[in-house]
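Here's the structure we're looking at; comments come further down.
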Amino acid sequence: MFSFKLGLKNLTRQKRRNFITIFVIAFAFLSYLMMDSIMNGMEEISFDNIINYDTGNVQVAYPEYWEDRDELFLENLMDLNRDMEESIENTDGLLGVSPELRFKANLNNGIDEVSVRGVGISIEKYNQVFGTKNYVVEGSMFAPGESKAVIGVRLAELMDLKVSDYITLLVRTTEDTFNTIDIEIAGLVRAPNPMINNGIVFVPLEVAQEALNVDNGISMLAIKTVTGDESVVIKALADSFKNKGLGLRAYSWKESAASVIALSTAKKGGIGAILSIVLLIGMIGIVNNVILSALERTEEIGMMKALGMREWEIVFVFMVEATGIGILGGLAGCLLGYAGVSWLVKNGYSLAYIGGDGAAYGIPILDKIYGAWNYPAFSFLFSLGVIIAVLSSILPSYWAAHKDPVKAIYHR
Amino acid sequence: MSLLELKEVKKIYQQGKIKVPALRGVDLHVEEGEFTTIFGPSGSGKTTLLNMIGCLDTPTEGEIRLNEKKVSDLSRKALAMTRRHNIGFVFQSYNLIPVLTAYENVEFAIRLIDHTSALQIKEKVLKILDEVGLNGLENRRPNELSGGEKQRVAIARALVKEPKLVLADEPTANLDSKNAADVVDIMRKMNKELKTTFIFSTHDPMVMKYARRLINLKDGMISADERRG
């Protein structure tokens, strides 16, 4: 079709303007793809950091405890019995089960005092579920039977503490009396989840149970599953607990990550807004291009009409040109986006640029947010970009084609 | 046989509240194969008359018949189809498409009406380019051609679809005397060989010299209509 050929050849006219339009579209695509990548990366890393350093895949607790779990009350604690252990042992797909006793405490270094969250853990079982041990930057995790503590580096810096220093944890027992845990620091951790680094003190489970006077009570069990899909495990545990009448419930990590998930959902709205801006930029570029081309080619349009071209045929010529610009802009944008996302995936974006770790923004990420690949975003954006280019060229093309032939031919 | 017939054709342009008459009642008959020149001072209505004849514009009053078909009150679409199949145009400023070669500029016109094979179209285009003396320049773009060569491409574009009528609005105005003479020679040759009807508007005495019919337009009316042997 000759009109198609003419539309394509017209792409070689006004090279500078076409290049600028293509570049603007490409830059808009790049911005969107990088933003999308960083948001997806943030989500992936956040979820990994929650699972691997805070909750595990599944948590088991009494519903009464779970509802007020953030209050760290010492009520409705679990007392592991044979039935509970059987339920868990008979469930397939578990890699590790870590009992935890979470409690409020005030950490005292002899001079200052700060409110922290104490976590009593059974170190061997904890290490089967969580990866904290890999991020001990000074000293070590305490050994089984050893009465020592591990704290985050940020907390240590805040309280001017180092390995082998003694700390005092002031706690309130189940009888509402005060007690203290005097304990030596075995190691300092700098985990990828900044929440671990900022305000948590890990102590041996037996030490915590004794100090809090809760006998064998634990707050919950944190479970690591073989696969990322914990729903099967949750269902199996729920059935088992129900059959045995234990009154326990299994919760997905997602329930403890509600705020991060809410942030992720809000992010999708933000990405939608960015997408709208990107498409608007593309639309303005295309409309501007078609209008300027039509103004420059007024006499040519008149000649086309004199030759007997119908309006839709002239519209088609301009639409082919506009679509070509959209396709070239989209391709360039995807190529730039590929390079940009590759860089983000490899090097990440340092949170230092926005003034510190993600904890300040409620994001469980420490140093860097790495990008994540979202290949469908490339094809989606490219397709949408081409569709928008076609649609946004219709009106200005029609405006160009609708010119009065006499006025167009004798236009000066 | 009458190819073109105008009866009491008037054209009035509205400029704000003022009505400006461009044609005040033109009666004209043009036979097939005529080589006619319309001349007159600027503002006499030459271009307006050509636009009416070329179905680019419609008269305010009166009737135009092309090939015995009334075209003065056709829709925009029907006018476009009439132009496409029956009329070729040659403009003063050539109006070639700069991104297309000489060959493609001519091919563009025939592709609109001829849906035969690419080979047949190629033969037609090369033949007409050869006839206007552009053999060997087919692949040049307009910016690589002289003014005379550009106008020859425009003539080839007008003639390739073998229209019954070719309208040329001051076709030699931008050319030097040699190129102007060449262009008029080509059109005369086509008029003789293809029996195509030509109507010019011009100020150029050289073009008028070749015309076999001279129509003098003055103040929107035909003041003289002279036929030569």
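If you read the sequences in order, they're chains A and B.
To get our numbering, take the position in the first sequence, counting from 1, and add 2.
To get our numbering, take the position in the second sequence, counting from 1, and add 14.
Ideal Cβ placement from N, Cα and C applies to all residues, glycine included.
Paired residues, beta bridge with residue i - DSSP
i	result
R227 of chain B	B:T50, B:R241
E102 of chain A	A:I123, A:M222
N108 of chain A	A:S117, A:L172
M306 of chain A	M306 of chain A is not bridged to any residue.
T182 of chain A	A:L172
F103 of chain B	B:L181
E145 of chain B	According to DSSP, E145 of chain B bridges with nothing at all.
G339 of chain A	G339 of chain A pairs with nothing; no bridge assigned.
I153 of chain A	A:L190, A:V203
K232 of chain B	B:M235
L96 of chain A	A:T227
Counted within 10 angstroms of its Cβ, other Cβ atoms place residue i as buried (16 or more) or exposed
i	result
A238 of chain B	exposed
N31 of chain A	A small fix is needed here, since residue 31 of chain A is Phe in this sequence, not Asn. Per the 10 Å Cβ criterion, buried.
E159 of chain A	exposed
T50 of chain B	buried
N157 of chain B	exposed
Y117 of chain B	buried
T14 of chain A	exposed
D72 of chain A	exposed
K33 of chain B	exposed
M220 of chain B	exposed
R84 of chain A	exposed
D71 of chain B	buried
K237 of chain A	exposed
Y355 of chain A	exposed
G54 of chain B	buried
E145 of chain B	buried
E315 of chain A	buried
L97 of chain A	exposed
P146 of chain A	exposed
D87 of chain B	exposed
Collapsed DSSP secondary structure at residue i in the structure displayed
i	result
Y351 of chain A	strand
G331 of chain A	helix
E159 of chain A	helix
I111 of chain B	coil
I213 of chain B	strand
R192 of chain A	coil
Q61 of chain A	strand
Y227 of chain A	This sequence places Thr at residue 227 of chain A; Tyr is not what is there. Residue state, collapsed to three classes: strand.
D81 of chain A	strand
S395 of chain A	helix
I411 of chain A	helix
F380 of chain A	helix
K83 of chain B	strand
I22 of chain A	helix
E77 of chain B	strand
L8 of chain A	helix
K370 of chain A	strand
S344 of chain A	helix
S89 of chain A	helix
S16 of chain B	strand
N188 of chain B	coil
S166 of chain A	coil
Q211 of chain A	helix
Proximal residues to residue i (C-beta, below 7 angstroms), its chain only, five neighbours per side dropped
i	result
D183 of chain B	T61, L64, F105, Q106, S215
T379 of chain A	Sequence inspection shows Ala at residue 379 of chain A; the Thr mentioned does not correspond to that position. Closer than 7 angstroms at the Cβ level, and outside the excluded window around A379 of chain A, lie L35, D38.
A224 of chain A	T57, G58, Q61, S100, E102, V131
I411 of chain A	E301, G304, M305, A308
Neighbourhood of residue i by C-beta, 8 angstroms cutoff - its chain only, sequence neighbours within 5 removed
i	result
W401 of chain A	I293, A296
I283 of chain A	V26, I27, A30
I236 of chain B	V40, D41, L42, I229, N230
Neighbourhood of residue i by C-beta, 6 angstroms cutoff - its chain only, sequence neighbours within 5 removed
i	result
H43 of chain B	S16, E19
K25 of chain B	A36, L37, T62, P73, T74
G373 of chain A	S39, I40, G43, V343, L346, V347
S117 of chain A	N108
P65 of chain A	R251
V319 of chain A	S5, L8, G9
Closer than 6 angstroms: residue i CB and nearest the ligand HEM heavy atom
i	result
S160 of chain B	What this structure holds is no ligand at all, so the ligand HEM is not there to describe.
Pick out the complete beta strand (DSSP E) segments inside the region 20-64 of chain B, 3 residues or longer, and give them in chain order.
32-45, 49-53
Write down every uninterrupted run of the alpha helix (DSSP H) in the region 123-151 of chain A whose length is 4 residues or greater and which is fully enclosed by it, in chain order.
125-131
Runs of 4 residues minimum, wholly inside the region 225-294 of chain A: which ones carry the alpha helix (DSSP H) assignment?
233-246
Which residue spans inside the region 123-177 of chain B form an unbroken alpha helix (DSSP H) run of at least 4?
132-145, 161-173
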